[in-house]
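Below you'll find the structure, written out as structure tokens, and then a few comments.
Residue numbers (my numbering), protein chains in the order written: chain A, 1 to 112; chain B, 1 to 114.
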């Protein structure tokens, strides 16, 4: 079974600073995809960034970057220059065999 | 506002009653998903459709839950009878294809069972 682990239940970050959200995963299959989603208090899950297991370079999307360390089975999300609107729940997810499995999430609170 | 349309946004009902949720995916998206998200946890897949066919419903409690996507476009998820433990957020998502395509989610339906 595929497993996603997010060990940080909650984090505080100062506005304009960077924050790293940890994600580790467990799979024996060489082909998989890794995703990060943001869920504000309104409830919608917003897709942020994707990393394929065969991608050689770390994915980046604006202020979001994914620190992919395949040998360590980790896919940490880095948010640079945090904004107040970044306060939300963040979920790491892995796609395998057409299914998406989510971690438990990390709550990020950005302080002014 | 999300591109995947869901209704209602909120639903409060008593146990033993029937409840239904509706989802309209992004136009052209062949794959549709229903998830249940308990407060403080990540979403869990209930059912996955490819066009009008069910691809995976292994986590759907079939004694009380049913889902359909008759014409391969919009979908309905039903619970009958509802139980107290069904209180959760129900999320619908769609993707262009199965596999490693990003899934795009709706705003969800918050269900409270009294």
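Just so you know, even glycine gets a beta-carbon here, dropped at the ideal spot from N, CA and C.
The region 20-37 of chain A / the region 59-74 of chain A touching (three or more Cβ pairs under 8 Å): Contact holds: three or more Cβ-Cβ distances are below 8 Å.
contact_flag[the region 10-29 of chain B, the region 89-102 of chain B] where n(CB pairs < 8 Å) is 3 or more: Yes, the region 10-29 of chain B is in contact with the region 89-102 of chain B.
Beta-carbon neighbours of residue 73 of chain A, restricted to chain B and to distances below 8 Å: Correct list: empty, because the minimum Cβ distance to chain B is about 17 Å.
Chain B contact for residue 11 of chain A (CB, 9 Å cutoff): No, its Cβ sits nowhere closer than 9 Å to a Cβ of chain B.
Cβ of residue 42 of chain A within 9 Å of any chain B Cβ: With 9 Å as the cut-off, residue 42 of chain A counts as an interface residue toward chain B.
When B:8, B:6 and B:19 are compared against residue 81 of chain B, the one with the closest alpha-carbon: Selection B:8, B:6 and B:19 evaluated against residue 81 of chain B yields B:19 as nearest (Cα-Cα).
Helix, strand or coil at residue 74 of chain B [DSSP, three-state]: Correct three-state label for residue 74 of chain B: coil.
Straight-line gap, residue 61 of chain B to residue 43 of chain B (C-alpha atoms, nearest Å): Rounded to whole angstroms, the separation of the alpha carbons of residue 43 of chain B and residue 61 of chain B is 16 Å.
Integer-rounded CB distance, given that residue 21 of chain A should sit under 8 Å from residue 90 of chain A: With a contact defined as Cβ atoms closer than 8 Å, residue 90 of chain A and residue 21 of chain A qualify at about 5 Å.
CA-to-CA distance, residue 88 of chain A to residue 39 of chain A, given in whole angstroms: Approximately 6 Å between the Cα atoms of the pair.
Integer-rounded CB distance, given that residue 36 of chain B should sit under 8 Å from residue 88 of chain B: Contact holds; Cβ gap of about 5 Å.
Local Cβ density within 10 Å of residue 57 of chain A, reported as buried at 16 or more and exposed below that: Exposed.
CB contact check: residue 68 of chain A to chain B, cutoff 9 Å: The Cβ of residue 68 of chain A sits no closer than 9 Å to any Cβ of chain B.
For residue 18 of chain A and residue 67 of chain B, the rounded distance between their alpha carbons: Cα to Cα, residue 67 of chain B sits roughly 42 Å from residue 18 of chain A.
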